[in-house]
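Reviewing the structure listed below.
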């Protein structure tokens, strides 16, 4: 194995709204930045000469070079676009899929060299993709990573599988469940059985976090709040993140706000970007009407009127019948737009109503001859669900099997970018037979088996999500214990106050090796 495997892998989760990046083994991503690029195209807008005699080919070449170098990403890109009209914003990812590959390459370049400040030739990379990504997109990703950045190895993981690995609450990781991924630009409901994505049952709805922001912006505008037009979307986004919550009954919530407005109405204060004058606006019904679009979408649009709980139920009902109970039992939330207060409780209550109604209807048809067993519905919520996909990638890239499963630079040079179309499937971090940890992939081709020395090592990872709560990470030291079956060693990863995993090994005689 090359030297890149001795260093922590780089984990980058590219989302429509935000990108999370960091190194494998960390509990939290090092950086979370908006997925946006600001490019200076003024160099390319120079007038063309009328004749070749007066043309300045060197100047035009230099203009193209400057246009390639003068760009910014993240918050800096947003601030540059506000302060100067020469910078144009572009969003590389739309609805969970890469839409502009040139901007995406620039974005990755800035992430690697300006944020992570690492040499890509010295690290393996773990990137994420949507469950509905086309195979051609993986080829483009492989070409950019191997050709532009010359990385030693690449693994492209499916986001719902990583979110499922990060969302389990028991000591054993069962890679069966439904991932409800509500991002900024797309909402996907993806069933996963033993690490395999059930592609025929994937559901997608055209309502996501950005639609909640637009709905809040629309409500504030209709009520006549004095928010500067150029700042209204950003204010609505901040209101969504700071004040919104999920209510149990929309009618009762209206009555609460009407009876006690001083208790429920918040006030937003800001400064006009052009004049610097202060302004303020009231935040009332928007606090609970924003997240309500997932449960009553007709209040926002008439194009799509199916509530999210119904979509989840249809997704599970379309899955194989022998997996449905396990899917209902493990509904995992992922994405920043699931962080609303009581979102998981409302979702679990509504899904439970649908399931119980179906069970009662079945009992009525059978007239008491056969009694249906109740179906357990459990919606998993945890403190890290905003970056659950990234955390799942961090855990995955910390295992020895990861480096065996990666596509290497040598394989790319031998076979071309088509090798990136498929990736081995991790059927679970905890398995009964470690040799079958990679026993399959989504395309049906022969799976890449790990080396026996790696496969026999890890049998069970005990991980409690309560150890990763933000209030306990800094002051105390937690441990992630890996029990080994084929040796007399026990490996532990200590979460220090710096939130970096420190690997230590202890043999049976009590000696500790770092």
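In the working numbering, the protein residues as written are 207 to 720.
Don't be surprised by glycine CBs; every beta carbon is placed ideally from N, CA and C.
If you're wondering where the values come from, they're calculated on a predicted model, not measured in any experiment.
Item                                                                                                                                                              : Value
Quick one: what does DSSP say residue 478 is sitting in, helix, strand or coil?                                                                                   : coil
Look at the Cβ atom of residue 221, then the Cβ atom of residue 391, and state whether they are nearer than 9 Å.                                                  : yes
Within this structure, are the beta carbons of residue 332 and residue 363 separated by less than 9 Å?                                                            : yes
Just grab the DSSP bridge partners of residue 619 for me.                                                                                                         : Partner(s): none; residue 619 has no beta bridge.
When you compare the CB positions of residue 542 and residue 388, do they come within less than 9 Å of one another, or not?                                       : yes
Can you tell me whether DSSP reads residue 450 as helix, strand or coil?                                                                                          : coil
Are there 16 or more other CB atoms within 10 angstroms of the CB of residue 275, so buried, or fewer, so exposed?                                                : exposed
Please say whether residue 585 and residue 522 have beta carbons closer to each other than 9 Å?                                                                   : no
Can you list, in chain order, the residues of its chain whose CB lies under 6 Å from that of residue 604, leaving out five sequence neighbours each side?         : 230 and 231
In angstroms, rounded to a whole number, what distance separates the CA positions of residue 403 and residue 396?                                                 : 7 Å
Reducing DSSP to helix, strand and coil, say where residue 532 ends up.                                                                                           : helix
In chain order, which beta strand (DSSP E) runs of at least 3 residues are fully inside the region 269–317?                                                       : 277–279 and 293–296
Please look up how many angstroms separate the CB atoms of residue 600 and residue 280, rounded, as I've assumed it's under 8 Å.                                  : Contact doesn't hold; Cβ gap of about 20 Å is too wide.
Just the C-alpha distance for residue 399 and residue 616, rounded to the nearest angstrom, thanks.                                                               : 32 Å
Would you give the residue range spanned by the beta strand (DSSP E) that residue 485 belongs to?                                                                 : 484–489
Where residue 324 and residue 216 are concerned, what is the direct C-alpha to C-alpha distance, given to the nearest angstrom?                                   : 9 Å
I need the straight-line Cα distance from residue 551 to residue 247, nearest angstrom please.                                                                    : 48 Å
Tell me the rounded alpha-carbon separation between residue 453 and residue 500.                                                                                  : 12 Å
Using three-state DSSP, classify residue 224 as helix, strand or coil.                                                                                            : strand
Along the beta strand (DSSP E) that carries residue 505, what are the first and last residues, could you check?                                                   : No beta strand (DSSP E) holds residue 505; DSSP gives it neither H nor E.
Mind reading off the beta-carbon distance from residue 299 to residue 329? Whole number of angstroms is fine, and I expect it under 8 Å.                          : Not really, about 22 Å apart at Cβ, beyond 8 Å.
Let's test the definition: count the other Cβ atoms within 10 Å of the Cβ of residue 519 and tell me whether it reaches 16, buried, or not, exposed.              : buried
For the alpha helix (DSSP H) that contains residue 461, what are its first and last residues?                                                                     : 456–465
What are the partner residues of residue 237, as DSSP defines its beta bridges?                                                                                   : 227
Whole angstroms are fine: how far does the CA of residue 337 sit from the CA of residue 304?                                                                      : 13 Å
Taking the beta carbon of residue 152 as the centre, do at least 16 other beta carbons fall within 10 Å, making it buried, or is it exposed?                      : Nothing in the structure corresponds to residue 152, since the chain is present only between 207 and 720.
If you compare alpha carbons, which of 410, 405, 554 and 440 is closest to residue 421?                                                                           : 440
Starting from residue 334, follow its DSSP beta bridges and name the residues at the other end.                                                                   : 363
DSSP three-state call for residue 537: helix, strand or coil?                                                                                                     : strand
Closer than 8 Å by C-beta to residue 212: which residues in its own chain qualify, once you throw out the five before and the five after it? Chain order, please. : none
Quick one: using the 10 Å Cβ neighbour count with 16 as the cut-off for buried, is residue 481 buried or exposed?                                                 : exposed
Using a threshold of 9 Å, state whether the C-beta atoms of residue 597 and residue 360 are closer than that.                                                     : no
For the beta strand (DSSP E) containing residue 245, name the first residue and the last one.                                                                     : 243–246
The alpha helix (DSSP H) spanning residue 341 covers which residue range?                                                                                         : 341–349
Less than 9 Å between the beta carbons of residue 540 and residue 583, yes or no?                                                                                 : no
Among the candidates 366, 465 and 321, whose CA atom is the shortest distance from the CA of residue 410?                                                         : 366
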